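All remarks here apply to the structure that follows.
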Amino acid sequence: MAAGVKNMVIAILVPLPSLLFFFSFVRPTTTPSPVSSWCAAHPLLVANLLFLFNVDLLFWLIGNLLSNHWVSSFPPL
């Protein structure tokens, strides 16, 4: 039961960084913030940074939290 609750909490929390980043740009403002103007000038870098944080780092943290990594299934060299 505890593992199911932990997985449910993780499933709810995983999309939060992307949603917070998205909603920070959707908010109507009269003057653009320096972050939004920088992101508009560098869209490919923003996409790569979001991928880095959301996929690489976040799933690494989840793997550490669950003590389960796909890398651990490979035999040592």
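End of the sequence shown = 469 in the working numbering, gap-free, step of one.
Positions of the beta carbon are idealized from the N, C-alpha and C atoms, including for glycine.
Since this is a predicted model, take the numbers as computed values, not measurements.
Between which two residues does the alpha helix (DSSP H) carrying residue i extend?
i, result
"Phe417", "408 to 418"
"Ser484", "Because residue 484 is not part of the residues shown, which for the chain are 393 to 469, the question remains open."
"Phe451", "450 to 458"
Since residue i and residue j are thought to touch, with beta carbons under 8 Å apart, how far apart are those beta carbons, to the nearest angstrom?
i, j, result
"Ile454", "Ile402", "6 Å"
"Ser409", "Leu444", "In the sequence under discussion, the amino acid at residue 409 is Pro, which differs from the Ser named in the question. That belief does not hold up - the Cβ atoms of Pro409 and Leu444 are roughly 11 Å apart, past 8 Å."
"Ser428", "Phe417", "6 Å"
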